[in-house]
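Enquirer:
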Amino acid sequence: GTLHEQLAAGKLDLVLAKRRPEDPRGEPVWSDRLVWIGAERLRLEPDRPVPLIVYPPPGITRALALDALQREGRAWHIACTSGSLNGLIAAAR
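All residue numbers for the sequence shown refer to my numbering, where the first residue is 690 and numbers rise by one.
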């Protein structure tokens with residue numbers, strides 16, 4: 690199950706996790722803004738899909754990025770997926 694489910698079932702004592710602002714579960718410890726980061730040489734053309742390097746589903750940062758692009762009607766494609774921050778950084782380089 691999810692971390693929230695495991696916590697509710699008593700299988701975990703504490704969970705430090707990300708959540709959407711509207712999610713009532715848990716007690717916020719800090720908040721952070723997501724920002725778009727790209728290489729200095731990257732030039733996005735309005736008529737071409739945005740290449741993305743993202744965490745695999747159901748990652749919240751992935752979901753928020755895709756939601757933002759869909760709201761803007763912007764095409765995108767997944768160029769690389771990695772389960773680790775180091776993997777995402779390596780793919781961006």
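Note that the Cβ used here is the ideal one computed from N, Cα and C, for glycine as well.
Predicted model, so just to flag it, every value in this text is computed and none were measured.
Contact check, A839 vs I742 under 8 Å by CB: the rounded distance?
Expert: In the structure displayed, the chain extends from 690 to 782; residue 839 sits before or after that span and is not available.
Enquirer: Could you work out which residue in P713, R708, R730 and E716 is closest to R722 when comparing CA atoms only?
Expert: The candidate whose alpha carbon is nearest that of R722 is R708.
Enquirer: Of all the options L777, A757 and A764, which has the alpha carbon lying nearest to the alpha carbon of P808?
Expert: Only positions 690 to 782 of the chain appear in this structure, which leaves residue 808 out of reach.
Enquirer: Identify every residue that forms a DSSP beta bridge with T691.
Expert: The partner list for T691 (beta bridge, DSSP) is empty, contrary to what the question assumes.
Enquirer: By Cβ distance below 7 Å, which residues in the same chain neighbour P740 in space, the five residues on each side in sequence not counted?
Expert: Taken in chain order, the residues that qualify are H766 and A768.
Enquirer: Between G772 and P747, is the Cβ-Cβ spacing less than 9 Å?
Expert: Not closer than 9 Å, so no.
Enquirer: Quick check: the Cα distance between G727 and P717, rounded to an integer number of angstroms?
Expert: Their backbone Cα atoms lie some 29 Å apart in a straight line.
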